[in-house]
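These notes concern the structure reproduced below.
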Amino acid sequence: MLKLLKRDGNMFNRYVDVLSNLPKYSKNVFRSNYFSWLLNQCKGWGKLSYGLLLFNFVLQVFSLLQSFSSAPTQSILSFIGGNLSVACVIGISNRSGIQGWAGALSAVCIASVGFMAGNYATAWEQIGYLIFLDIFCILDPKWNDDIQAEKFENIKDWIYYILFFIVAWGVIYYIFSMTNDPRVFLDSLNLAMAITGSLLELNRKREQYFVWTISSVFTIALWMQTMMQGDGNFALIFSYGIFFLNDMYAFFSKRGWFKTTAQIK
Numbered sequence: 001m002l003k004l005l006k007r008d009g010n011m012f013n014r015y016v017d018v019l020s021n022l023p024k025y026s027k028n029v030f031r032s033n034y035f036s037w038l039l040n041q042c043k044g045w046g047k048l049s050y051g052l053l054l055f056n057f058v059l060q061v062f063s064l065l066q067s068f069s070s071a072p073t074q075s076i077l078s079f080i081g082g083n084l085s086v087a088c089v090i091g092i093s094n095r096s097g098i099q100g101w102a103g104a105l106s107a108v109c110i111a112s113v114g115f116m117a118g119n120y121a122t123a124w125e126q127i128g129y130l131i132f133l134d135i136f137c138i139l140d141p142k143w144n145d146d147i148q149a150e151k152f153e154n155i156k157d158w159i160y161y162i163l164f165f166i167v168a169w170g171v172i173y174y175i176f177s178m179t180n181d182p183r184v185f186l187d188s189l190n191l192a193m194a195i196t197g198s199l200l201e202l203n204r205k206r207e208q209y210f211v212w213t214i215s216s217v218f219t220i221a222l223w224m225q226t227m228m229q230g231d232g233n234f235a236l237i238f239s240y241g242i243f244f245l246n247d248m249y250a251f252f253s254k255r256g257w258f259k260t261t262a263q264i265k
């Protein structure tokens, strides 16, 4: 089965490779220079990336001060998660290995806030990121050394990922419809896009940014609806707004994924 899944062009190759070499790849996390290597991954980003990181931090501070008195635990978790999540997506757009750890830690914080606020779609989305993306990116050598952007080779790639999205959406919609989720359509759609985008990201496909851009818009709408229902706070809405700007950076910057794409060998 593993040999079948590992054939060239299979969209699940990276999962199979990491799981097949788990003892070997895990040792890389414990190498002597690992933490200094992680810090160096924050160097060489575009000026816009550093600007977005700083701008988001300022917004998060204001949001923390505004909401701390009414919901201190959620506010602190949102502050930490909001800053780390932005660091994660900026790391992705700059093809930086820091994104794995930033994503994993932010996922824990944001999922906690999501459960507290009753926004279960976002909570489970973050858990999905943690299990099926962040951990694998931390371990995958293709996300740790000379990270190369790739592009779809032909129309078949589009068809495979679109079919994957449709199946994922159908399954998630069915599961959510059996719960008391008040936003089954929007929540299931957003989670299906997150899963599809995660698979594209793990495979280092530039086309992931079509999914991330749409997902950013839907997630902003989701958290605004949550806010109007009296839960959540502005911190995560700020973060997803930064995500959208970062998506534009990936599309149009000379350092982005669409202008530095490597041919698949």
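Heads up: the sequence shown begins at 1 in UniProt numbering, then just goes up one per residue. The beta carbon of each residue, even a glycine, is placed where N, CA and C say it ideally should be.
Which residues in the same chain have their Cβ closer than 8 angstroms to the Cβ of residue i, if we skip the five residues on either side of it in sequence?
| i | result |
| --- | --- |
| Val-18 | Tyr-25, Phe-136, Leu-139 and Asp-140 |
| Phe-79 | Gln-60, Val-61, Ser-63, Leu-64 and Ala-235 |
| Ile-214 | Met-193 |
| Phe-115 | Ala-123 |
Identify the residues that DSSP records as bridge partners of residue i: which are they?
| i | result |
| --- | --- |
| Glu-201 | Partner(s): none; Glu-201 has no beta bridge. |
| Glu-150 | Lys-205 |
What number of angstroms, rounded off, separates the C-alpha of residue i from the C-alpha of residue j?
| i | j | result |
| --- | --- | --- |
| Arg-206 | Ala-87 | 19 angstroms |
| Leu-38 | Met-178 | 42 angstroms |
| Asp-146 | Ser-106 | 24 angstroms |
| Ala-111 | Glu-125 | 8 angstroms |
| Ser-93 | Ala-194 | 16 angstroms |
| Ala-221 | Tyr-120 | 15 angstroms |
| Gly-128 | Ile-98 | 19 angstroms |
| Leu-200 | Gln-208 | 5 angstroms |
| Phe-164 | Gly-197 | 11 angstroms |
| Phe-68 | Gln-74 | 8 angstroms |
| Trp-257 | Ala-149 | 6 angstroms |
| Trp-158 | Val-113 | 34 angstroms |
| Phe-132 | Phe-210 | 20 angstroms |
| Cys-42 | Leu-22 | 26 angstroms |
| Lys-3 | Ser-20 | Residue placement at Lys-3 is flagged as unreliable, the pLDDT there being 47, under the threshold of 50; the coordinate-derived value follows with that caveat. For Lys-3 and Ser-20, the distance between alpha carbons rounds to 10 angstroms. |
| Phe-244 | Val-29 | 31 angstroms |
| Ala-262 | Asn-246 | For Ala-262, the pLDDT reaches just 49, beneath the cut-off of 50, and the residue's location in the model is therefore unreliable, leaving the point undetermined. |
| Val-167 | Leu-202 | 19 angstroms |
| Arg-14 | Ser-70 | 44 angstroms |
| residue 280 | Ile-90 | Residue numbering for the chain in the displayed model covers 1 to 265; residue 280 lies beyond these limits and cannot be assessed. |
Residues in the same chain with beta-carbon distance under 6 angstroms from residue i, minus the five sequence neighbours each way, listed in chain order, please.
| i | result |
| --- | --- |
| Cys-109 | Leu-77, Ile-80 and Gly-81 |
| Trp-212 | Gly-197 and Asp-247 |
| Ile-242 | Leu-52, Asn-56 and Val-86 |
Keeping to the same chain, check which residues put their C-beta closer than 7 angstroms to that of residue i; ignore five residues upstream and five downstream.
| i | result |
| --- | --- |
| residue 270 | Here the chain has residues from 1 to 265 only, and residue 270 is not among them. |
| Phe-57 | Asn-83 |
| Phe-176 | Val-184, Asp-187 and Ser-188 |
| Asp-102 | According to the sequence displayed, residue 102 carries Ala and not Asp. Closer than 7 angstroms at Cβ, skipping near neighbours: Leu-84, Ala-87, Cys-88 and Gly-91. |
Just checking, does the stretch 182 to 190 make contact with the stretch 89 to 103 on the three C-beta pairs under 8 angstroms criterion? Contact between the stretch 182 to 190 and the stretch 89 to 103 is absent, because fewer than three Cβ pairs lie under 8 angstroms.
Cβ contact check for the stretch 235 to 255 and the stretch 44 to 55: 3 or more pairs under 8 angstroms: Flag = yes, the stretch 235 to 255 and the stretch 44 to 55 touch.
Sequence ranges, alpha helix (DSSP H) only - wholly within the stretch 95 to 149, length at least 4: Fully enclosed alpha helix (DSSP H) runs of 4 or longer: 99 to 117, 120 to 129 and 135 to 139.
What runs of the alpha helix (DSSP H), each 4 residues or longer, lie entirely inside the stretch 24 to 92? Listed in chain order, the alpha helix (DSSP H) elements of length 4 or more contained wholly in the stretch 24 to 92 are 34 to 40 and 47 to 67.
Within the stretch 158 to 203, note down every full alpha helix (DSSP H) run reaching 4 residues or more, in order along the chain. With a minimum length of 4 residues, the unbroken runs of alpha helix (DSSP H) contained wholly in the stretch 158 to 203 fall at 184 to 202.
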